[in-house]
Amino acid sequence: MSSDVIAIQSAEAAGQPWVQTLHEWATTVDHKRLGVLYILYALFFLVIGGLEATIIRIQLMRPHNDFVSPQVFNRMFTMHGTTMIFFVAMPILFGFANYLVPLMIGARDMAFPRLNAFSFWLTAFGGLLLYFSFLGGSGLYGAGNAPDVGWWAYAPLASRAFSPGHSSDYWTIALLASGFGSIGTAVNIIATILSMRCPGMKLSRMPLFAWLNLVMSGMVLLAITPLSAAQIMLLVDRYLGGHFFDTQAGGSATLWMHFFWIFGHPEVYVLIIPCFAFASEIIPVFSRKPIFGYPVMVGATVCIAFVSMSVWAHHMFTIGMNSYANSFFAITTMAVGVPTGIKIFNWLGTMWGGKIQFRTPMLFCIGFLFQFLIAGLTGIMLSAAPFNWQLSGSYFVVAHFHYVIVGGILFALFGAFYYWYPKITGRMLNESLGKLHFWLFLIGFHLTFDVMHIPGVLGMPRRIYTYEPGRGWDTLNFLVTIGAFVQGIATLVFVANLVISYFRGAKAGNDPWDAWTLEWSTSSPPPAYNFASIPTVASRRPLWDLKHPEDPDSLYE
Amino acid sequence: MSAITTPLAGTPVAWKLPYRGKVGMACLIIAESAIFTIFVVAYLFYLGKSITGPSPREVLETPIFYTICLLSSSLTIHFAGKLLERGRRGAFVGLWLLTIVLGALFLYGTGQEWHRLIYEHGLTISTNLFGTTYYSLVGLHAFHVTAGLILLSIVLFFGLAGRVGPEQSARVDVLSMYWHFVDAVWVVVFSVVYVLGR
């Protein structure tokens, strides 16, 4: 089988003009190429979003700083948040799902390859639209350029009166376009998993990666759509003179908040569940044990998906809801902690008694476990309404959700990069640079986000442009900024590793980690058709069965 | 690595998975339902909160005839699909055309109602909260009817060209799932706007 693969690949690789290569990439409907496009696109925006974060941190480094103007500062935090959520986290996770789901379930492509390409290009042009606002946002009024309404765009900030020009329109339309792209991809992932599995790949034998992405896609269908609906309403308000969020005509600013957070909170789980998926694949392989409690992991994920749909108003405790609503949302928010805790124990149970190999992917996953736990604990703190009244809108909240997004999501993502890079490129990432990246990023992360909790408790509000000296925030903010730079340097090490290893890395072979899921049974990088013949599986670890015919898993499941 | 492709113990003989078109359409319907839910919630939330007139009670008239048109088009498309499955192409095209006519009638009814509201009662999308929520909700539905009519017309075109046979039955069923969904949404919109909302 492998010799066929190599023959066909070398025919493809025979020098062709770059225009043709470019044309092939631009018109591709191959799930692997689209996956790579998603990931590269997201990495590009990760750098931009990171630069915006750096500008914010330099501005806040010392009191009374005027590194940028207040207007630019508002644009920076708006663009940073919007970019990181919609044009980094979402596409990068969709990229991995696109690349890996068909390979893991033994399919040759996604269910709807052309829809897949369409969804990618919608997302891609959404991002371009958002950044085009820097040029085109002034419109006829000459006021403002990039959107500066915060990533929530609370009413009435986003209304015509307070956001003249077109900057908010670029924001709205960019999110609408990329939202439709996300829905298309979610439809595609669900249809692929339900309809394209290879013979023997029952739902109960699917890798957890596929299961968790199935749940994530289901959530996208229900969570992204309220945002799309709210964006349509905002467009009606701004262009057709509607009154959805216009309080002077009886409209309600609170309704926007509800609609936004009905999207906003499940979105966090849309982002974290694929990261659970990474951890659930990486931790067993580097512990040399099958995942502990497979059915419980699936059940807990589905449970998280359901409960997280009814927690949104914990973002809104300070707007003055009645005590029943406060209690309801406090209780549901705390309840999410239960299935999440189950998952953490299952990962620990997988590691317990295993022969743990501390390779870079595993290091990042352990970092993820530890930091995600702390992020969850501060989340439980914030779910208590009275505590929330004190700290809502402070840097404590900023520290909390960055702990989730950087400490949880980004760490798991880095782990996924180190784990699947050999499959995608055929070369290993450099292990020493990887460890340097891990330790530098870990130190930078904790310096920034551990310390950031304290100014929040001391009363520093989020989105503040600058502050008075002598409130006890000065040194803390300075440390936070130093940490941000350490993370920036670590990210440069990572990018350098990606580039250097692409050309100089050791050849990976089909299965560098001695892993058990189907993607490792084909060549690295996989041929366009993935599998020369469609595999048949009999257990959750088909490659284990193959490597150990004397003691296959299929005997015990 | 070729051993992976040879059937291992416990391999099921028959391996049948759901048709991807149906799964995809079901997912799209779930997503669309969420969008409509948000618009319905907004409509209900703003009922009676308009500061100025006109109010739903003053201006809305229940479009019973056009509702019957749309709902019966669900029946015609269902039987059209059944006929296609049995290979009766001529009857299929006939019922399919009837479905389109019924859908178009409904759209005409919406247009007429909007014309009346705008020219007789001066109610536009920017008049008051009722106008904003009413035109958005009904308009969103009408948009979906329009999209459906375009898709149905494409199938009709191919049907007239003699290209739609029983082998396309599964694909035609996917489209009729969408059409049933559009009709089901109208039941909700009708109840909310014309029954509960007055």
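From first to last, the protein sequence lines are chains A and B. Numbering of the first sequence is given in the working numbering, commencing with residue 1 and proceeding in unit increments. Numbering of the second sequence is given in the working numbering, commencing with residue 558 and proceeding in unit increments. Just so you know, even glycine gets a beta-carbon here, dropped at the ideal spot from N, CA and C. Bear in mind that the values here come from a model prediction, so they are computed numbers and not experimental data.
Endpoints, alpha helix (DSSP H) assigned at residue i
i, result
"residue 192(A)", "167-195"
"residue 290(A)", "Run containing residue 290(A): none; DSSP gives neither H nor E here."
"residue 329(A)", "323-351"
"residue 759(B)", "A question about residue 759(B) goes unanswered here, because the residues of chain B that appear run from 558 up to 755."
"residue 314(A)", "Note, residue 314(A): premise wrong, no alpha helix (DSSP H); not H, not E."
"residue 669(B)", "646-678"
"residue 25(A)", "18-26"
"residue 33(A)", "31-59"
"residue 79(A)", "70-82"
"residue 708(B)", "686-717"
"residue 565(A)", "The structure shown does not extend to residue 565(A), since chain A spans only 1 to 557, so no value can be given for it."
"residue 99(A)", "90-104"
Beta-carbon neighbours of residue i, restricted to chain A and to distances below 8 Å
i, result
"residue 612(B)", "What residue 612(B) touches in chain A: nothing, since even the nearest Cβ is about 12 Å away."
"residue 602(B)", "252, 255"
"residue 682(B)", "236, 240, 241, 242"
Beta-ladder partner(s) of residue i, from DSSP
i, result
"residue 540(A)", "None, per the DSSP bridge assignment."
"residue 422(A)", "Answer is none; residue 422(A) lacks a bridge partner."
"residue 427(A)", "507(A)"
"residue 461(A)", "394(A)"
Proximal residues of chain A, C-beta to C-beta of residue i below 7 Å
i, result
"residue 581(B)", "111, 112, 187, 191"
Chain-ordered chain B contacts of residue i [CB-CB under 7 Å]
i, result
"residue 249(A)", "608, 685, 686"
"residue 195(A)", "574, 575, 576, 577, 580"
"residue 228(A)", "592"
"residue 225(A)", "588, 591, 592"
"residue 183(A)", "588"
Own chain residues within Cβ distance below 6 Å of residue i, not counting five before or after
i, result
"residue 609(B)", "685"
"residue 197(A)", "105"
"residue 76(A)", "52, 55, 56"
"residue 256(A)", "155, 245"
"residue 683(B)", "none"
"residue 283(A)", "347, 350, 365"
"residue 285(A)", "513, 515"
"residue 576(B)", "727"
Coil, strand or helix - residue i by DSSP
i, result
"residue 361(A)", "helix"
"residue 639(B)", "helix"
"residue 113(A)", "helix"
"residue 755(B)", "coil"
"residue 579(B)", "helix"
"residue 516(A)", "coil"
"residue 608(B)", "coil"
"residue 547(A)", "helix"
"residue 206(A)", "coil"
"residue 566(B)", "The predicted model places residue 566(B) with a pLDDT of 44, which falls under 50 and marks its position as unreliable; any figure quoted below should be read in that light. It is coil, neither helix nor strand."
"residue 467(A)", "coil"
"residue 728(B)", "helix"
"residue 388(A)", "helix"
"residue 408(A)", "helix"
"residue 269(A)", "helix"
"residue 400(A)", "helix"
"residue 242(A)", "coil"
"residue 66(A)", "coil"
"residue 598(B)", "helix"
"residue 527(A)", "coil"
"residue 250(A)", "coil"
"residue 8(A)", "Confidence in residue 8(A) is poor, its pLDDT being 46 and thus under 50, which makes the residue's placement unreliable; the coordinate value appears in the next sentence. Residue state, collapsed to three classes: helix."
Close Cβ partners of residue i (< 8 Å) along its chain, the five nearest in sequence each way excluded
i, result
"residue 755(B)", "613, 614, 617"
"residue 249(A)", "243"
"residue 484(A)", "53, 54, 57, 444, 448"
"residue 461(A)", "393, 394, 395"
"residue 89(A)", "42, 271, 405, 409"
Proximal residues of chain A, C-beta to C-beta of residue i below 9 Å
i, result
"residue 689(B)", "233, 236, 237, 240, 241, 242, 243, 244, 246, 249, 251"
"residue 596(B)", "229, 232, 233"
Cut-off 7 Å between Cβ atoms - residues of its own chain near residue i, not counting five sequence neighbours on either side
i, result
"residue 680(B)", "611, 616, 674, 688"
"residue 656(B)", "630, 633, 634, 637, 709"
"residue 91(A)", "38, 41, 42, 123"
"residue 430(A)", "497, 500, 501, 505"
"residue 565(B)", "Since pLDDT at residue 565(B) reaches only 48, below the 50 mark, its modelled position is unreliable, and no value is offered."
"residue 67(A)", "58, 59"
Where residue i meets chain B, residues with beta-carbon distance less than 9 Å
i, result
"residue 259(A)", "595, 598, 599"
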